[in-house]
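Have a look at the structure below before the remarks.
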Amino acid sequence: MRATATSDILPDDVLVEISRVLAVQCQESLSNLSRCSKHLHHITTPYLYRDVRLSRVQAVPLFFQALCYHPDRAHRIRSLNVTGENYPTESENLMPNLDVGEIFTHISHSVPIRQFMEYLQAPIDPVWHYTNRYELGDQGFWLALLVLQLPGLREITVELNRNAFDFEVLFRWAAMNTDGRNFFPSLTTVKIDVNRNQPWAGVELVPLLNVPSLRNVTLVRVHRLNYLGQSVVSQIRSLDLDESLTYSGDVLRLLEGCSHLQTLRIRQPPSLRHREGLEYDILRVLSDTAATSLEDLDYYGCGLSRDHQVVNMADFINLKKLKIASPMILPRPTEGPGSAGAPGSSGESDSGCGLLPLRNIRELTLYISSDWGPLEPVWPAVVDLITTKRLPPTLMTLYLQWLPDHVVVREEMTGLKTVVQAAHKCGLRLHLIEEDVWWPGSTREIVVSEDADVEDLGPMYADMEDLGAMYADVEDLGAMDLDTEQQSVGEIRQGILGRLWETGRRWMAVCFKRLKSLWEV
Numbered sequence: 458m459r460a461t462a463t464s465d466i467l468p469d470d471v472l473v474e475i476s477r478v479l480a481v482q483c484q485e486s487l488s489n490l491s492r493c494s495k496h497l498h499h500i501t502t503p504y505l506y507r508d509v510r511l512s513r514v515q516a517v518p519l520f521f522q523a524l525c526y527h528p529d530r531a532h533r534i535r536s537l538n539v540t541g542e543n544y545p546t547e548s549e550n551l552m553p554n555l556d557v558g559e560i561f562t563h564i565s566h567s568v569p570i571r572q573f574m575e576y577l578q579a580p581i582d583p584v585w586h587y588t589n590r591y592e593l594g595d596q597g598f599w600l601a602l603l604v605l606q607l608p609g610l611r612e613i614t615v616e617l618n619r620n621a622f623d624f625e626v627l628f629r630w631a632a633m634n635t636d637g638r639n640f641f642p643s644l645t646t647v648k649i650d651v652n653r654n655q656p657w658a659g660v661e662l663v664p665l666l667n668v669p670s671l672r673n674v675t676l677v678r679v680h681r682l683n684y685l686g687q688s689v690v691s692q693i694r695s696l697d698l699d700e701s702l703t704y705s706g707d708v709l710r711l712l713e714g715c716s717h718l719q720t721l722r723i724r725q726p727p728s729l730r731h732r733e734g735l736e737y738d739i740l741r742v743l744s745d746t747a748a749t750s751l752e753d754l755d756y757y758g759c760g761l762s763r764d765h766q767v768v769n770m771a772d773f774i775n776l777k778k779l780k781i782a783s784p785m786i787l788p789r790p791t792e793g794p795g796s797a798g799a800p801g802s803s804g805e806s807d808s809g810c811g812l813l814p815l816r817n818i819r820e821l822t823l824y825i826s827s828d829w830g831p832l833e834p835v836w837p838a839v840v841d842l843i844t845t846k847r848l849p850p851t852l853m854t855l856y857l858q859w860l861p862d863h864v865v866v867r868e869e870m871t872g873l874k875t876v877v878q879a880a881h882k883c884g885l886r887l888h889l890i891e892e893d894v895w896w897p898g899s900t901r902e903i904v905v906s907e908d909a910d911v912e913d914l915g916p917m918y919a920d921m922e923d924l925g926a927m928y929a930d931v932e933d934l935g936a937m938d939l940d941t942e943q944q945s946v947g948e949i950r951q952g953i954l955g956r957l958w959e960t961g962r963r964w965m966a967v968c969f970k971r972l973k974s975l976w977e978v
């Protein structure tokens with residue numbers, strides 16, 4: 458009664474706005490709200506079935522069963538996100554919760570599903586599935602049937618813990634259909650994440666990339682790519698390869714077909730079959746295929762070439778954001794008078810950097826890492842890049858980004874100071890970004906003001922280094938021989954707690970200082 462009274466008091470436009478917000482922030486709360494009254498159920502249903510997120514994989518067949526009873530709701534679904542625990546491998550995990558006979562009665566009236574089952578040579582008969590390899594508990598089987606029930610699907614995100622055979626076959630069958638039907642007329646965004654539990658798992662990508670409406674593709678830890686024709690992926694606008702495609706040839710072959718690519722992000726997997734100069738080969742392929750369309754390029758490689766090559770970047774006329782590894786801007790070694798006239802240098806050899814000119818770049822990010830070698834030559838190269846007057850006037854912001862365990866900031870203060878001074882002299886905004894090793898995806902960013910000194914930026918990094926040293930002490934404690942009489946465990950523990958207290962005190966001082974500055978502003 459309380460929920461009904463509340464829904465009567467609030468106007469419908471307010472309830473619609475609440476439903477819209479809950480659909481984005483907390484779908485479970487939206488589901489609970491829809492059960493309060495018939496009026497609320499009527500208002501929330503369009504939002505409840507617009508962006509569907511199934512956090513438990515076992516919910517896929519149950520949700521499919523619900524759509525069989527209410528087929529009109531399937532047309533409202535625009536995005537599907539399926540993640541969760543390990544997929545069930547036995548039908549017993551799902552069978553008690555399903556009305557299998559009723560489900561197969563409903564899907565027998567679906568033309569796409571009936572044709573797909575015929576392609577699998579699997580009759581629409583629940584008894585048949587009890588005894589064959591297309592088990593009712595197979596993840597790919599139910600995922601394929603669910604996707605086929607969503608004609609208005611625009612976005613799909615799937616986390617796979619192992620190969621999903623039927624899910625792969627679904628797109629292969631859709632691409633091979635002879636009657637000209639497009640079973641995914643609205644699908645624009647696809648993200649496939651292969652779980653870390655099986656890093657060598659993969660999915661058949663070629664049929665999936667053949668969807669004509671596809672524009673955005675994200676592949677996470679997907680390592681396999683068979684032969685790919687250039688006409689298959691020409692429609693893709695955004696491509697994100699996160700630790701995907703183990704063989705470098707697959708990366709180049711995929712990029713060769715992306716003739717309208719606008720955004721590219723590559724994070725090379727540590728297991729990549731790396732070939733020397735791959736990062737430069739990627740730039741050359743992009744220069745041939747997507748030079749006029751590419752606007753945002755983000756490349757981070759685990760292994761980089763020691764032979765710094767020349768790539769004429771003048772063809773990238775629309776490139777606005779560029780993120781590359783810092784070794785790529787190091788000066789090329791001179792081998793005599795003829796080295797300045799290397800092919801493709803275009804007279805830019807005197808600047809030292811082989812990635813010029815950068816015509817319309819607005820944001821430049823350099824990844825800094827000691828894994829690529831000592832950082833002593835990096836700072837002069839950054840200063841040289843800034844002060845040679847070869848950077849375009851459109852460049853307003855320079856970012857330096859690193860991982861905490863890849864750069865010891867305290868040891869690099871001198872080099873950082875020279876970069877800060879050069880950036881201020883040339884009127885560039887300088888941002889220092891540090892990725893959080895404990896919280897992947899989050900960063901800490903410092904905007905260096907014109908009157909700032911690098912030493913003033915030290916407290917946060919110094920505290921972080923002290924904290925890292927403290928954890929190193931904890932690890933050393935486990936490796937110590939406790940039988941020795943040099944130092945007792947109690948003394949070691951007391952020392953670690955003392956450092957922890959000191960680190961916390963310094964962190965609090967930094968926080969109060971920042972709050973005070975914000976208050977004064």
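Straight run, no breaks: the sequence shown in our numbering ends on number 978.
Glycine included, each C-beta is placed from N, C-alpha and C at the ideal position.
Terminal residues of the beta strand (DSSP E) in which residue i lies
i, result
"leucine 857", "854 to 859"
"leucine 754", "753 to 757"
"histidine 888", "886 to 892"
"valine 905", "900 to 905"
Residue i vs residue j beta-carbon contact at 8 Å
i, j, result
"threonine 646", "arginine 678", "no"
"leucine 815", "proline 861", "no"
"leucine 610", "isoleucine 649", "no"
"leucine 505", "serine 491", "yes"
"serine 705", "histidine 680", "no"
"leucine 751", "glutamine 719", "yes"
"leucine 537", "isoleucine 475", "no"
"tyrosine 756", "isoleucine 723", "yes"
"leucine 761", "tryptophan 829", "yes"
"glycine 734", "aspartate 772", "no"
"valine 877", "valine 905", "yes"
"aspartate 738", "leucine 709", "yes"
CA-to-CA distance, residue j to residue i, given in whole angstroms
i, j, result
"methionine 921", "arginine 571", "A caution first: methionine 921 carries a pLDDT of 44, below 50, which makes its placement in the model too unreliable to give a value."
"valine 471", "histidine 499", "14 Å"
"cysteine 715", "asparagine 489", "44 Å"
"leucine 600", "glutamate 616", "11 Å"
"leucine 855", "glutamate 820", "6 Å"
"arginine 590", "valine 517", "Legend: pLDDT at arginine 590 = 44, less than 50; position of this residue unreliable, value from coordinates given subsequently. Rounded to the nearest angstrom, the two C-alpha atoms are 19 Å apart."
"leucine 696", "leucine 740", "15 Å"
"phenylalanine 521", "leucine 602", "8 Å"
"phenylalanine 573", "valine 626", "9 Å"
"glycine 925", "glycine 758", "Low confidence applies to glycine 925: its pLDDT is 42, below 50, so where it sits in the model is not reliable, and the reading given next is rough at best. Each residue's alpha carbon lies about 25 Å from the other."
"leucine 666", "leucine 644", "11 Å"
"serine 827", "leucine 712", "29 Å"
"valine 742", "tryptophan 859", "27 Å"
"threonine 749", "histidine 496", "52 Å"
"glutamate 868", "proline 788", "23 Å"
"serine 494", "leucine 698", "45 Å"
"valine 539", "histidine 532", "18 Å"
"aspartate 807", "threonine 871", "Low local confidence applies: a pLDDT of 44 at aspartate 807 is under 50, so the model's placement there is unreliable, with the coordinate-based value given in what follows. Distance between the alpha carbons of aspartate 807 and threonine 871 is about 26 Å."
"cysteine 883", "serine 512", "50 Å"
When the options are compared against residue i, the one with the closest alpha-carbon
i, options, result
"arginine 510", "Thr502, Val604 and Gln484", "Gln484"
"glutamine 692", "Leu712, Leu709 and His717", "His717"
"lysine 780", "Thr749, Leu721, Leu607 and Ser827", "Leu721"
"proline 669", "His532, Pro642 and Leu735", "Pro642"
"leucine 885", "Glu868, Met870 and Leu842", "Leu842"
"leucine 812", "Glu713, Thr845, Val481 and Val767", "Val767"
"proline 503", "Glu902, Phe628 and Ile534", "Ile534"
"alanine 838", "Leu666, Leu519, Arg477 and Pro784", "Pro784"
"leucine 754", "Leu761, Pro788, Thr703 and Ile818", "Ile818"
"glutamate 902", "Glu868, Leu857, Gln878 and Lys882", "Leu857"
"aspartate 508", "Arg477, Leu832 and Pro834", "Arg477"
"proline 608", "Cys883, Met770, Pro569 and Ser494", "Pro569"
"aspartate 529", "Ser899, Gln482 and Gln606", "Gln606"
"leucine 823", "Cys883, His888 and Glu833", "His888"
"alanine 879", "Val864, Met870, Thr844 and Arg694", "Thr844"
Endpoints, the alpha helix (DSSP H) within which residue i is located
i, result
"leucine 743", "735 to 746"
"leucine 711", "705 to 713"
"arginine 530", "528 to 531"
"glutamate 869", "Looking at the DSSP string, glutamate 869 is not in any alpha helix (DSSP H), and its letter there is neither H nor E."
"serine 486", "484 to 491"
"threonine 749", "No alpha helix (DSSP H) holds threonine 749; DSSP gives it neither H nor E."
Identity of the residues DSSP links to residue i by a beta bridge
i, result
"aspartate 470", "For aspartate 470, which the question treats as bridged, DSSP gives no partner whatsoever."
"threonine 614", "Asn538 and Lys648"
"alanine 782", "Tyr824"
"valine 517", "DSSP lists no partner for valine 517."
"leucine 676", "Ile649 and Leu698"
"leucine 605", "DSSP lists no partner for leucine 605."
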